[in-house]
Amino acid sequence: FQIGIGTALVFALIWQGDAVLAALGGGATAATLHWVVHIWDEEFGGREADPYLLGLIALILVLVFVWRLFAGREEPRRY
């Protein structure tokens with residue numbers, strides 16, 4: 004999870020005006036790596052559903068991160 008925190012800090016430097024985007028990026032990174040590690044070491048135990056549930060959580064976080072990333076690029080409406 005320290006990689007997720009470090010990634011969030013780097014994203015906070017890149018997108019200084021959007022703390023939610025930085026937090027989502029860090030969370031998505033941590034969740035994705037957590038999912039990969041559960042797949043990698045599944046022979047050491049755990050529940051059979053862990054890779055699927057963690058993968059779903061990681062996918063949702065990545066999708067929300069990408070949505071927020073591209074939604075923030077819209078130009079403001081001028082009336």
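Residue numbering for the sequence shown is 4 to 82, as defined by this note's numbering.
Virtual Cβ for every residue (Gly too), placed ideally from N, Cα, C.
All of these numbers come straight from a predicted model, not from anything done at the bench.
When burial is assigned at 16 or more other CB atoms within 10 Å of the CB, is residue i buried or exposed?
| i | result |
| --- | --- |
| residue 16 | exposed |
| residue 43 | exposed |
| residue 7 | buried |
| residue 47 | exposed |
| residue 11 | buried |
For residue i versus residue j, is the C-beta spacing smaller than 8 Å?
| i | j | result |
| --- | --- | --- |
| residue 64 | residue 25 | no |
| residue 3 | residue 68 | In this structure the chain extends from 4 to 82, so residue 3 is not present and cannot be described. |
| residue 23 | residue 71 | yes |
Comparing C-alpha positions only, which one of the options sits nearest to residue i?
| i | options | result |
| --- | --- | --- |
| residue 4 | 61, 37, 59 | 37 |
| residue 56 | 47, 39, 22 | 39 |
| residue 61 | 28, 51, 14 | 28 |
Helix, strand or coil, according to DSSP, for residue i in the structure here?
| i | result |
| --- | --- |
| residue 20 | coil |
| residue 52 | coil |
| residue 4 | coil |
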